[in-house]
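Here the working numbering is used: the first residue of the sequence shown is 9, the next is one more, and so on. C-beta: ideal position from N, C-alpha, C; glycine also. As the structure is a computational prediction, the values presented were derived from the model and not from experiment. In what follows, a structure is listed as structure tokens, so that the remarks can point back to it.
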Amino acid sequence: MTVVPDAPVTPAALSAFLRGVERRGLVLAQLQCGDGAAAERALAAALRAFSSQAAGRPMAGWPMRFWSLLATAPPLRREPMPGTWLPPFTALGRMQTSDRLALLLRIVAGLEEEPASEVQGIEVAAYRQSLARACPRDAAGNPDAQAWRALAEAAQQELRELSPAQVSRLAQLRESALAGMPL
Numbered sequence: 009m010t011v012v013p014d015a016p017v018t019p020a021a022l023s024a025f026l027r028g029v030e031r032r033g034l035v036l037a038q039l040q041c042g043d044g045a046a047a048e049r050a051l052a053a054a055l056r057a058f059s060s061q062a063a064g065r066p067m068a069g070w071p072m073r074f075w076s077l078l079a080t081a082p083p084l085r086r087e088p089m090p091g092t093w094l095p096p097f098t099a100l101g102r103m104q105t106s107d108r109l110a111l112l113l114r115i116v117a118g119l120e121e122e123p124a125s126e127v128q129g130i131e132v133a134a135y136r137q138s139l140a141r142a143c144p145r146d147a148a149g150n151p152d153a154q155a156w157r158a159l160a161e162a163a164q165q166e167l168r169e170l171s172p173a174q175v176s177r178l179a180q181l182r183e184s185a186l187a188g189m190p191l
């Protein structure tokens, strides 16, 4: 068996990766902490940390590392979370921090159970329990599939409808992270 070493990380590859996760990272952070400024700070820190560590990691592990860095950012881990959630996301503000993160890793980051549990540093069974607690419920207390789909679609709409100013700011954060400079 021939072992092929990982290709060296190129600035273009790193930039493309960051461009591919930055929108989802921003929306996840905003919906997790309910505070746009805190979300931006958390994302900027995760982008900087990831950029400084990427060269020593195989590209296949980049998504996991990025989401792990973002998920452990202090603004995203506070309990209770002091943020504000506007419709259609008001239910997020009533969730425990870890349950909200479990849900957002699924509907915003698009992670399956195993990688999402790894990002949170918990067993898959514990992740499933967090996700179950975060699941919208109907009046009878049963899981509400329609409300789940509506929440997931609203999150996807947030991703698609970032303002030009937000997109420009993401580019600034990315370029700053690639240059190794704090903003």
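C-beta atoms of residue i and residue j nearer than 8 Å
{"i": "leucine 139", "j": "arginine 114", "result": "yes"}
{"i": "serine 76", "j": "valine 127", "result": "yes"}
{"i": "arginine 220", "j": "arginine 73", "result": "Residue 220 cannot be examined here, being either before or after the span of the chain that is shown, 9 to 191."}
{"i": "valine 132", "j": "serine 125", "result": "yes"}
{"i": "arginine 108", "j": "alanine 142", "result": "yes"}
{"i": "tyrosine 135", "j": "alanine 160", "result": "no"}
{"i": "alanine 155", "j": "phenylalanine 97", "result": "no"}
Reduced DSSP secondary structure (H/G/I, E/B, other) of residue i
{"i": "proline 83", "result": "helix"}
{"i": "arginine 65", "result": "coil"}
{"i": "valine 11", "result": "The predicted model places valine 11 with a pLDDT of 41, which falls under 50 and marks its position as unreliable; any figure quoted below should be read in that light. Valine 11: coil per DSSP, three-state reduction."}
Extent of the continuous alpha helix (DSSP H) to which residue i belongs
{"i": "threonine 105", "result": "105-115"}
{"i": "proline 19", "result": "19-41"}
{"i": "alanine 161", "result": "Contrary to the premise, residue 161 reads as glutamate rather than alanine in this sequence. Unbroken alpha helix (DSSP H) run through glutamate 161: 153-168."}
{"i": "arginine 102", "result": "Neither: arginine 102 is in no alpha helix (DSSP H) and is coded neither H nor E."}
{"i": "glutamate 120", "result": "No alpha helix (DSSP H) holds glutamate 120; DSSP gives it neither H nor E."}
{"i": "leucine 186", "result": "172-187"}
{"i": "arginine 141", "result": "132-142"}
Cβ neighbours of residue i in the same chain (closer than 8 Å, five flanking residues each side left out)
{"i": "glycine 194", "result": "Given that the chain is displayed from residue 9 to residue 191, the structure contains no residue 194 and the question cannot be resolved."}
{"i": "glycine 30", "result": "The question names glycine, yet the displayed sequence has glutamate at residue 30. The residues are Leu51, Leu55, Leu178, Leu181, Arg182."}
Presumed contact (8 Å Cβ cut-off) between residue i and residue j, rounded CB distance
{"i": "alanine 2", "j": "alanine 37", "result": "For the chain, the structure presents residues 9 to 191; residue 2 sits outside this window and is missing."}
{"i": "glutamine 40", "j": "leucine 112", "result": "6 Å"}
{"i": "tryptophan 70", "j": "alanine 62", "result": "6 Å"}
{"i": "serine 59", "j": "leucine 167", "result": "Actually they do not touch by this definition, with Cβ atoms about 22 Å apart."}
Close Cβ partners of residue i (< 6 Å) along its chain, the five nearest in sequence each way excluded
{"i": "glycine 188", "result": "none"}
{"i": "alanine 47", "result": "Ala37, Gln38, Cys41"}
Contacts around residue i, its chain only, beta-carbon distance under 7 Å, and the 5 residues preceding and following it disregarded
{"i": "glutamate 122", "result": "Val132"}
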